[in-house]
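Here's the structure we're looking at; comments come further down.
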Amino acid sequence: MLMPKPDSSIIARRAEIIERLRQIVPGEGVIAEQDEMRVYESDGLSAYRQMPMIVVLPEKTEQVAEILAYCHGEGIKVVPRGAGTSLSGGALPLADAVLLGLGKFNRVLDVDFKNRAVVTQPGVTNLGITHAVQHDGFYYAPDPSSQIACSIGGNIAENSGGVHCLKYGLTTNNVLGIEFVTIEGEVMRIGGKHLDSEGYDLLGLMTGSEGLLGVVTEVTVRILKKPSTARALLVGFASSEEAGACVAQVIGAGIIPGGMEMMDNPAINAAEDFVGTGYPRDAAALLIVELDGPEVEVNHLIGRVREVAEANGATSLRVSENEAERDAFWAGRKSAFPAVGRITPDYMCMDGTIPRKMLPEILRRISALSEKHEMRVANVFHAGDGNLHPLILFDANQPGQLETAETFGGDILKACVELGGVLTGEHGVGIEKRDLMGEMFTEVDLNQQQRVKCAFDPKGLLNPGKVFPQLHRCAELGRMHIHKGQMPFPDIPRF
Amino acid sequence: MASTFKPTDEAQVLDAVAWAISAEAPLEVLGRASKRGLGRPFQADHTLDLSGLSGINFYEPEELVLSAKPATPRAEIEAVLAERGQMLAFEPMDTGPLFGLPADQGSIGGTFACNLSGPRRIKMGAARDHLLGFNAVSGRGEAFKSGGRVVKNVTGYDLSKLMTGSFGTLAAVTELTFKVLPAPEKTYTVLLLGLDDGAATRAMAAAMNSVHEVAGAAHLPAGISGRSSVPYVANAGGAITALRLEGFGPSVEQRCRELKDELAGFGAIEELHSRNSVKFWAEVRDAVYLAEPADRLIWRLSVPPSAGQGVVAALAMGRDVEVFYDWSGGLIWLSLPPSDDAEHIAVRAVVAPSGGHATLVRAPANIRAAVPVFQPQPAPLAALSARVKDSFDPRRVLNPGRMVAGI
């Protein structure tokens, strides 16, 4: 993975930069010792490591603004970081960049039940928001599997999803407002406890922008009342085609489950070996369908889903009768990654999305690729929204295996795009999928996205080297070829 | 010479925009031209009429996705969806009635361009939450795409959000792909009778904070409710506060019973069943209550729900206002008597402390040209928005001035 070439003239000024940052953030907020910076050298994509030049941990928006204005003025790159759980390398440091950590922004500022909103600092964890409101029966809906650790600021950067986003939406659908600071040090506020900010939807644009457009310093999210009831079905199938047809028909019947997850046989067995909650080991595919809402509705829909599953040849079917049982159904799915981790020295988690109807086809292709690359794979899907997490099993200590696994993963994502899907459903592009962007977008498409980046960050200092395979200077991107004297559209009907 | 260009494919849109750039001649971009009265009026000698780009590209009910060309009539799409028991969940407003125009004339492109969302906004999100991807020609004269046809997608910037609500000022969209959802089997509406604005706000908050999945919360003060065509509402003889419950039959019936029990302390309660409910919520969606008299000026205020009644009380002081609330009190439809400046300074001064915003929806063109139609932004945000415009349309050839003068 080629990162932007470090600027040695910036690195040469390290001592001076440290001194200036210490003036802005006094005390222990600037970390410059190699040993202490070590913890920041990678994020959740731990195959890639790079020591930052300096780490700075501000506590106030004004400090963030001052740091960014200083870095912008001096041409110093900045890499923002939330909790560092990115699975795509979004927070990977650069050798010549200041790593700006938001970990000290860790307070919930305002719990407002009347407006069903919480105002929080960005370093609060995803689950921390729910903890702040659950005493009154509320919760924050998006639930990435790292929710105990990942920060809400990072969720905004990545537009994080989770099991429940099929029914309740992604981060972008649950954020009402943000305060953010541009690389030039301007503090901007968009949205709030009201709906639909005016003018261009910069809130929607910022969400999922992977830390390339600004640094979020405050967040307002929607909270929801926890559904009174949740029940799950655990359904085994003899083929992934039947499981896929069941998924399509549930949705076709007008039912949007709270979650609809699928596992293939290797994933089923890995999970069963690990937690042993009674998954059918011989099933080719297993569905967990969770229905939540008012009790009468859940019970009604359990019946309907059962009919659909049986009509599609379910080989086993259990319905949770209590919370313990529902938790047990989920235990295997939720521990699927560590379970797979036990049967292989290393694994790589992919994150493509396909149209739901392509589930059987992508499974066939993954299976063929598995044979071609002579590498095993276990599949875990958010089947309801077609988001795949194939886990490629390999041994990084065997020469060439990491490279093969990366090629295999790239081939899976290319197949997703070919089948009408996308490279990443919820983990982000980061550095991991950066060089595959050309599979999905033309150069014109990518240049337009980079021009939007230029509107926020004309010098390209904020998190460079992520998302875009090729970096262009804004001046170059801004040039236009104007065809003077061209015959004006002879083919267009004019009136 | 004024020209209207009516392309029938993307290549022709490209030609038209390329010409506009070279001739430095701004284009008014139109779908079906039903919402020209919405937003800021502006002068352009030339028109890019996209009405030739019409039709559904694909509709896959089991995938909950539909793709269409921009000028496809919204009504046509809603009819096709209804045949399969599905809908546009954001419940787009039909602006026709409020503007004294025929109903159902709008296009799907215009619906997204204006980010029009109805009462279900509070539960299911806005138009911007449903656009999955698009193809468009930018003001640079380049065809580009963003997003895709799947819901779970974080590949690159979410330009669909930016495009929604941009009033055609960034790019001329040639194709849109959006999420559709199952339509409810049954819709009931719980009606609370005779509440003042304060009690109604509390009742709506209580309903929204219940487990009953309320999918619409509106309040019609006395004097407005009588304008409904739903007899139960019109004959209520005072204010009505309406709470919508929708979904599967047994669920709706039970939630309706439980919600009525929980809100019994607020006073008299009635309920509307499916047919009347559908009719009622369409009226709220389209703000038909304020359509007449046609010369009054209409504002749409978005504020935190708990702030709505205070905003209305402040506006009503010494003014002849007509008002009703949607979005659990967070959306205020405000009608003012004709004036030269739509009282924009006073309206925005009242809204400002809440953090919300005010849009001048209906006013004569000369007023909409002189008064900021959309909420003015702080200078740094306005400058950033202008740079975003430049990144798509540096020569300002697409609907320049449609939202903000010069942008």
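Which chain is which? The protein sequence lines are A and B, in order. Just so you know, the first sequence maps onto residues 39 to 533 in our numbering. Just so you know, the second sequence maps onto residues 1097 to 1503 in our numbering. Here a beta-carbon is modelled for each residue, glycine too, at the ideal position from N, C-alpha and C.
Integer-rounded CB distance, given that residue j should sit under 8 Å from residue i
i, j, result
"methionine 89 (chain A)", "glutamate 79 (chain A)", "5 Å"
"isoleucine 469 (chain A)", "leucine 130 (chain A)", "6 Å"
"valine 146 (chain A)", "valine 162 (chain A)", "6 Å"
"tryptophan 1377 (chain B)", "proline 1496 (chain B)", "36 Å between Cβ atoms; not a contact."
"isoleucine 216 (chain A)", "valine 254 (chain A)", "5 Å"
"valine 1374 (chain B)", "threonine 1283 (chain B)", "6 Å"
Partners in chain A for residue i, counting only beta-carbon separations shorter than 7 Å
i, result
"phenylalanine 1240 (chain B)", "Val482, Asp483, Gln486"
"proline 1476 (chain B)", "Glu224, Met226"
"arginine 1483 (chain B)", "Ala493"
"leucine 1160 (chain B)", "Ile289"
"serine 1518 (chain B)", "Given a span of 1097 to 1503 for chain B in the structure shown, any question on residue 1518 (chain B) remains unanswerable."
"tryptophan 1423 (chain B)", "Leu233"
Residue i burial status per 10 Å Cβ neighbour count (16 or more: buried)
i, result
"asparagine 211 (chain A)", "buried"
"methionine 1507 (chain B)", "This structure cannot settle anything about residue 1507 (chain B), because the visible part of chain B is limited to 1097 through 1503."
"alanine 50 (chain A)", "exposed"
"glutamate 359 (chain A)", "exposed"
"leucine 125 (chain A)", "buried"
"threonine 158 (chain A)", "buried"
"valine 482 (chain A)", "exposed"
"aspartate 1141 (chain B)", "exposed"
"glutamate 1388 (chain B)", "exposed"
"glycine 199 (chain A)", "buried"
"leucine 204 (chain A)", "buried"
"phenylalanine 1101 (chain B)", "buried"
"serine 1163 (chain B)", "buried"
"proline 528 (chain A)", "Unreliable placement is indicated for proline 528 (chain A), whose pLDDT of 48 sits below 50; the coordinate value is still reported in the next sentence. Its Cβ having fewer than 16 others within 10 Å, proline 528 (chain A) is exposed."
"tryptophan 1475 (chain B)", "Residue 1475 (chain B) is actually alanine in this sequence, not tryptophan. Classification for alanine 1475 (chain B): exposed."
Chain-ordered chain B contacts of residue i [CB-CB under 9 Å]
i, result
"serine 247 (chain A)", "Tyr1253, Asp1254"
"lysine 205 (chain A)", "The contacting residues do not exist; lysine 205 (chain A) stays about 10 Å from chain B at best."
"glutamate 335 (chain A)", "Glu1309, Gly1343, Phe1344, Pro1346, Ser1347, Val1348, Gln1350, Arg1351"
"methionine 300 (chain A)", "Chain B residues near methionine 300 (chain A): none, gap ~14 Å exceeds 9 Å."
"lysine 152 (chain A)", "Thr1297, Arg1298, Ala1301, Asn1305, Pro1400, Pro1401, Ser1402"
"proline 332 (chain A)", "Val1307, His1308, Glu1309, Gly1343, Ser1347, Gln1350, Arg1351, Glu1354"
"glycine 520 (chain A)", "It should be pointed out that residue 520 (chain A) corresponds to isoleucine in this sequence rather than to glycine. The contacting residues are Ala1114, Ile1117, Ser1118, Gly1237, Arg1491."
Heavy atom of the ligand HEM within 8 Å of residue i beta-carbon
i, result
"proline 1188 (chain B)", "In terms of ligand content, the structure shown is empty, and the ligand HEM therefore cannot be addressed."
Neighbouring residues, chain B, relative to residue i (Cβ below 7 Å)
i, result
"proline 265 (chain A)", "Val1307"
"proline 393 (chain A)", "Glu1159, Arg1245, Val1246"
"glutamate 464 (chain A)", "Lys1248, Val1250"
"asparagine 425 (chain A)", "Lys1248"
Contacts of residue i in chain A (Cβ-Cβ under 8 Å)
i, result
"phenylalanine 1470 (chain B)", "Glu236, Gly237"
"glycine 1295 (chain B)", "Checking the sequence shown, residue 1295 (chain B) turns out to be alanine, not glycine. Simply none; closest approach about 14 Å."
"threonine 1455 (chain B)", "Glu236"
Beta-carbon neighbours of residue i, restricted to chain A and to distances below 9 Å
i, result
"phenylalanine 1154 (chain B)", "The contacting residues do not exist; phenylalanine 1154 (chain B) stays about 10 Å from chain A at best."
"threonine 1260 (chain B)", "Asp239, Gly242"
Listed by chain order, chain B residues near residue i by CB distance under 8 Å
i, result
"asparagine 211 (chain A)", "Gly1221, Asp1225"
"valine 467 (chain A)", "Val1250, Thr1251, Gly1252"
"leucine 339 (chain A)", "Phe1344"
"arginine 489 (chain A)", "Ser1487, Phe1488"
"leucine 59 (chain A)", "Within 8 Å Cβ-Cβ: nothing; leucine 59 (chain A) doesn't reach chain B, min ~24 Å."
Could you pull out every unbroken alpha helix (DSSP H) segment of at least 4 residues lying fully inside the segment 97-148 of chain A, listed in chain order?
-> 99-112
Could you name each continuous alpha helix (DSSP H) segment of 4 residues or more that falls completely within the segment 301-371 of chain A, going from the start of the chain to the end?
-> 303-313, 333-349
Along the chain, which unbroken stretches of the beta strand (DSSP E) at least 3 residues long are found entirely within the segment 1382-1406 of chain B?
-> 1393-1398
Would you say the segment 1422-1430 of chain B touches the segment 1380-1400 of chain B, given that touching needs at least three Cβ pairs under 8 Å?
-> yes
Cβ contact check for the segment 496-512 of chain A and the segment 245-253 of chain A: 3 or more pairs under 8 Å = yes
State whether the segment 1287-1306 of chain B contacts the segment 1265-1277 of chain B, with contact taken as three or more CB pairs (one from each stretch) at a distance under 8 Å.
-> no
Counting Cβ pairs closer than 8 Å, one from the segment 1457-1473 of chain B and one from the segment 1401-1408 of chain B, do we hit at least three?
-> no
When the Cβ atoms of the segment 93-101 of chain A are set against those of the segment 432-442 of chain A, are three or more pairs found closer than 8 Å?
-> no
At which residue ranges does the segment 1254-1287 of chain B contain complete alpha helix (DSSP H) runs of 4 or more residues, listed in the order of the chain?
-> 1255-1259
Counting pairs of Cβ atoms below 8 Å between the segment 1130-1143 of chain B and the segment 1226-1237 of chain B, do you hit three or more?
-> no
Counting only runs that start and end within the segment 55-104 of chain A, where is the beta strand (DSSP E) found for 3 or more residues in a row?
-> 92-94
Three CB pairs or more closer than 8 Å across the segment 367-382 of chain A and the segment 309-327 of chain A = yes
Taking only runs that begin and end inside the segment 1167-1248 of chain B, name each unbroken alpha helix (DSSP H) of 4 or more residues, in chain order.
-> 1170-1179, 1204-1209, 1217-1220
The segment 320-339 of chain A touching the segment 293-308 of chain A, judged by at least three CB pairs closer than 8 Å | yes
Inside the segment 381-458 of chain A only - beta strand (DSSP E) runs reaching at least 3 residues = 384-387, 415-420, 425-432
Evaluate the contact criterion for the segment 471-478 of chain A versus the segment 228-238 of chain A: three or more CB pairs, one atom per stretch, below 8 Å.
-> no
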